[in-house]
Amino acid sequence: MNEDKFNFNCDLTSGKNGLKFLVYFGKKGIKKVLQGNKESDFYLKINEIIFGKEFFEFNNNHLIEPEIYIGTDESGKGDYFGPLVVAGVLVDKKTIIELKKIGVKDSKELTDSVILEIANKINKIIKDRSDIIVINPEKYNELYSKIGNLNRLLAWAHAKVLENILSNHSVEEAISDKFGDEKLIIRSLQEKGKKLILHQYTKAERYTAVAAASILARERFIKWFETTKKKYNINFLKGASNKVEQSAKDFIKKYGKEELNKVAKIHFKTTQKIS
């Protein structure tokens, strides 16, 4: 390990892969940086060891979050009807405290009415430090026919949200829920995003920014159902159950199969079942 004037650094190698790990000592405390090819398996493995959940947790009860970071989450990926929504929220120490005070937690633990109420409060706290991408069913079906993989589509949307926030704010870390191959989001990031330290965890909604993002994404998802129900006078159901299949059959009977492309994710097995 080498000792510079303001930091320690060491080189890590595995075959032809090389990384540099730096530890800075600044006014805000210790800062760790891992440099190298973010798409390599070696980088991802070392990144998880250094910045994995063990790094942020203390006594398994108290979660220590980065001082400033972006959290991203999605809604609608498992629902036949409705859009795919991805949201991102930038937080700092102050906003983390404020968001916790208003009851921010994983949207799956909240009712629709509570989500709508809290989402409004979140927007007042974070102001312009968020971004939301709503991919409505018709556009979703178009993109899916080109990409052919839900995880790749999710990765593109998460990366786009991160890039949009980074275009107006300087941030070094981000946290997202882990889905599919961890390389997918990293490969989708553009110039600004390539500089991010991206952590991908299971149950990432434990982190305040991710929980806030999950609520904002769910709010847009819920509002789509409210608007679309009024437009078609059909009670669209969430999920992909037998009741959803019946709802889809009712829709086709009333509006035709072509119109289904505007309200449902056609690649789901539900489409085959109702054909």
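So the sequence shown is residues 2 to 276, counted in our numbering.
The beta carbon of each residue, even a glycine, is placed where N, CA and C say it ideally should be.
Contacts around residue i, its chain only, beta-carbon distance under 7 Å, and the 5 residues preceding and following it disregarded
{"i": "K161", "result": "I134"}
{"i": "S189", "result": "A156, W157, A160"}
Neighbour-count burial assignment, residue i, 16 or more Cβ in a 10 Å radius
{"i": "F26", "result": "exposed"}
{"i": "T96", "result": "buried"}
{"i": "D129", "result": "exposed"}
{"i": "H170", "result": "exposed"}
{"i": "G240", "result": "exposed"}
{"i": "F82", "result": "buried"}
{"i": "S108", "result": "buried"}
{"i": "I136", "result": "buried"}
{"i": "I123", "result": "buried"}
{"i": "T112", "result": "exposed"}
{"i": "F9", "result": "exposed"}
Beta-carbon proximity of residue i to residue j, cut-off 8 Å
{"i": "K39", "j": "K193", "result": "no"}
{"i": "E174", "j": "I198", "result": "yes"}
{"i": "E206", "j": "D74", "result": "yes"}
{"i": "G77", "j": "V86", "result": "yes"}
{"i": "L23", "j": "F43", "result": "no"}
{"i": "I275", "j": "I253", "result": "yes"}
{"i": "L45", "j": "K184", "result": "yes"}
{"i": "V105", "j": "T209", "result": "yes"}
{"i": "T229", "j": "F222", "result": "no"}
{"i": "L100", "j": "A213", "result": "yes"}
{"i": "K281", "j": "P138", "result": "A question about residue 281 goes unanswered here, because the residues of the chain that appear run from 2 up to 276."}
{"i": "I119", "j": "I103", "result": "yes"}
Straight-line gap, residue i to residue j (C-alpha atoms, nearest Å)
{"i": "K244", "j": "F52", "result": "43 Å"}
{"i": "I186", "j": "S131", "result": "18 Å"}
{"i": "E143", "j": "L163", "result": "23 Å"}
{"i": "K204", "j": "E49", "result": "15 Å"}
{"i": "L117", "j": "E259", "result": "32 Å"}
{"i": "A88", "j": "Q247", "result": "30 Å"}
{"i": "I127", "j": "N121", "result": "10 Å"}
CB contact below 8 Å: residue i versus chain D
{"i": "E260", "result": "Of the protein chains in this structure there is only one, and it is not chain D."}
Rounded distance between the beta-carbons of residue j and residue i, thought under 8 Å
{"i": "Q201", "j": "S168", "result": "With 8 Å as the limit, Q201 and S168 do not qualify as a contact, their Cβ atoms being about 22 Å apart."}
{"i": "V172", "j": "I65", "result": "About 18 Å separates the two Cβ atoms, so there is no contact after all."}
{"i": "I216", "j": "I71", "result": "Actually they are not in contact, since the Cβ atoms of I216 and I71 sit about 15 Å apart, beyond 8 Å."}
Nonlocal neighbours in the same chain, by C-beta distance under 8 Å from residue i, ignoring five residues either side
{"i": "K255", "result": "Y233, I235"}
{"i": "D182", "result": "N152"}
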